[in-house]
Amino acid sequence: MKRIIGFITNVIPRQWLIRCSYLFSILIRPFYVGNRVECPVCGGHFRKFLPYGYGNATENRLCPKCLSLERHRLLWLYLKQRTDFFTAPLKVLHFAPEQPFLKRFRNLKNLDYTTADLDSPIADLHLDVTKINLPDHSYDVVICNHVLEHVDNVNQAFAEILRVLKVGGWAILMVPINPDVDTFEDPSITDPKERQRLFGQYDHVRQFGKDYAQILTNAGFHVVEDKFFYDYSEEQRNRMRLARRGEEVICRCEKVIE
Ligand SMILES: [Zn+2]
Numbered sequence: 108m109k110r111i112i113g114f115i116t117n118v119i120p121r122q123w124l125i126r127c128s129y130l131f132s133i134l135i136r137p138f139y140v141g142n143r144v145e146c147p148v149c150g151g152h153f154r155k156f157l158p159y160g161y162g163n164a165t166e167n168r169l170c171p172k173c174l175s176l177e178r179h180r181l182l183w184l185y186l187k188q189r190t191d192f193f194t195a196p197l198k199v200l201h202f203a204p205e206q207p208f209l210k211r212f213r214n215l216k217n218l219d220y221t222t223a224d225l226d227s228p229i230a231d232l233h234l235d236v237t238k239i240n241l242p243d244h245s246y247d248v249v250i251c252n253h254v255l256e257h258v259d260n261v262n263q264a265f266a267e268i269l270r271v272l273k274v275g276g277w278a279i280l281m282v283p284i285n286p287d288v289d290t291f292e293d294p295s296i297t298d299p300k301e302r303q304r305l306f307g308q309y310d311h312v313r314q315f316g317k318d319y320a321q322i323l324t325n326a327g328f329h330v331v332e333d334k335f336f337y338d339y340s341e342e343q344r345n346r347m348r349l350a351r352r353g354e355e356v357i358c359r360c361e362k363v364i365e
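What follows is the structure, given as structure tokens:
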């Protein structure tokens, strides 16, 4: 069973899993009944999470019910505990909206919530993050997770996100991080296998590293590094599987000046 599920979550693109997630979760759940792990996003508890990952699937990552990964569970708790995202009247622009969040955010009555994607049919707006066709100073919150590692001109994306944020607004810009290196990129590397080897995935154009907060600061954000992850006991962190190594800190990217 483990090999079958590993195969499914590894070979079938996550977008497809998401499309048939309701059916998938119903089929899979009997094999995951238990109470050793818990998902703070959907409230489900299971024997363990599903394996997940391109290339080499890693054990115990994907929620069988809402398909959250570690980063979604960490961000959900962050938004709940460290921000007024669930209560304040906020105008939110969400790029490449993650499946575990989409309906839940859309149902929040306090939000004026807009989704955006380059080409996804389910997004409200079709936008390029390096050329956002929206007015200056128009959003309280921008969320753009696991997008920037795919974007050639990342500094242009940072500038555009800053531009559409209101002064006093903030952005969450999560990326895959290798904590053992500084960020590096090489535009001449276009071979998918070389990108996989150097940048961690066949369609990534750079590997972000331990200097990510500094990169965000250099781009003009006031960065607040939140280490609330460490407020949880090791037992709690393992039970909810909250972050992969190097991705424990959430950077709140604030716009403080025009
Ligand atoms: Zn879940």
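Here the sequence shown is numbered in my numbering, starting from 108 and rising by one per residue.
Backbone N, C-alpha and C fix where the C-beta goes; we use that ideal spot for every residue, glycine too.
Predicted model, so just to flag it, every value in this text is computed and none were measured.
Check whether the Cβ of residue i sits closer than 8 Å to any heavy atom of ligand 1, and report yes or no.
i	result
residue 128	no
residue 207	yes
residue 141	no
residue 155	no
residue 362	no
residue 216	no
residue 174	yes
residue 330	no
residue 148	yes
residue 358	no
residue 251	no
residue 307	no
residue 275	no
residue 151	yes
Helix, strand or coil for residue i per DSSP?
i	result
residue 199	strand
residue 155	coil
residue 238	strand
residue 194	coil
residue 285	strand
residue 309	coil
residue 354	coil
residue 143	strand
residue 255	helix
residue 344	helix
residue 361	strand
Output the distance between the C-alpha atoms of residue i and residue j, rounded to the nearest integer angstrom.
i	j	result
residue 327	residue 363	9 Å
residue 354	residue 348	12 Å
residue 157	residue 294	34 Å
residue 356	residue 297	30 Å
residue 337	residue 132	31 Å
residue 281	residue 358	8 Å
residue 287	residue 309	20 Å
residue 170	residue 146	7 Å
Using a Cβ-Cβ distance cut-off of 9 Å, determine whether residue i contacts chain D.
i	result
residue 364	Of the protein chains in the structure, only one exists, and it is not chain D.
Since residue i is in the beta strand (DSSP E), which residue starts that stretch and which ends it?
i	result
residue 314	313–316
residue 166	165–169
residue 161	Note, residue 161: premise wrong, no beta strand (DSSP E); not H, not E.
residue 224	218–224
Can you name the start and end residues of the alpha helix (DSSP H) that residue i belongs to?
i	result
residue 210	206–213
residue 261	261–271
residue 179	177–189
residue 134	128–135
Restricting to runs no shorter than 4 residues, where is the alpha helix (DSSP H) found entirely within the stretch 314–341? 319–325
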